[in-house]
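Before any comments, here is the structure.
In the numbering used here, the protein residues as written are 1 to 67.
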């Protein structure tokens, strides 16, 4: 993935709902079974970013719920 593609994906993560992110995650998992090499590495990278975003949102939700 080049820098522009990464930036576009990060923008998607910032703007998407949790449901949209979960759907994209499932699609990426299915795609991972069909690719190898650099493409598989890119998909795994995106999955890590997705997981980080979902954890960050869950943490933020918990913090907001405490207040």
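From the three backbone atoms N, C-alpha and C, an ideal C-beta is built for every residue, glycine too.
Inset, instruction - Give me the Cα-Cα distance between residue 62 and residue 39, rounded to the nearest whole angstrom. - result: 35 Å
Legend entry - Counted within 10 angstroms of its Cβ, other Cβ atoms place residue 78 as buried (16 or more) or exposed: No answer is possible for residue 78: it lies beyond the span of the chain, which begins at 1 and ends at 67.
Legend entry - Enclosing alpha helix (DSSP H) for residue 39 [first to last residue]: 37-66
Inset, instruction - Identify the continuous alpha helix (DSSP H) that holds residue 30 and give its terminal residues. - result: 18-32
Legend entry - residue 2 (DSSP reduced to helix, strand or coil): coil
Inset, instruction - Could you confirm whether any beta carbon from chain D is found closer than 9 Å to the beta carbon of residue 24? - result: This model lacks chain D altogether; it includes just one protein chain.
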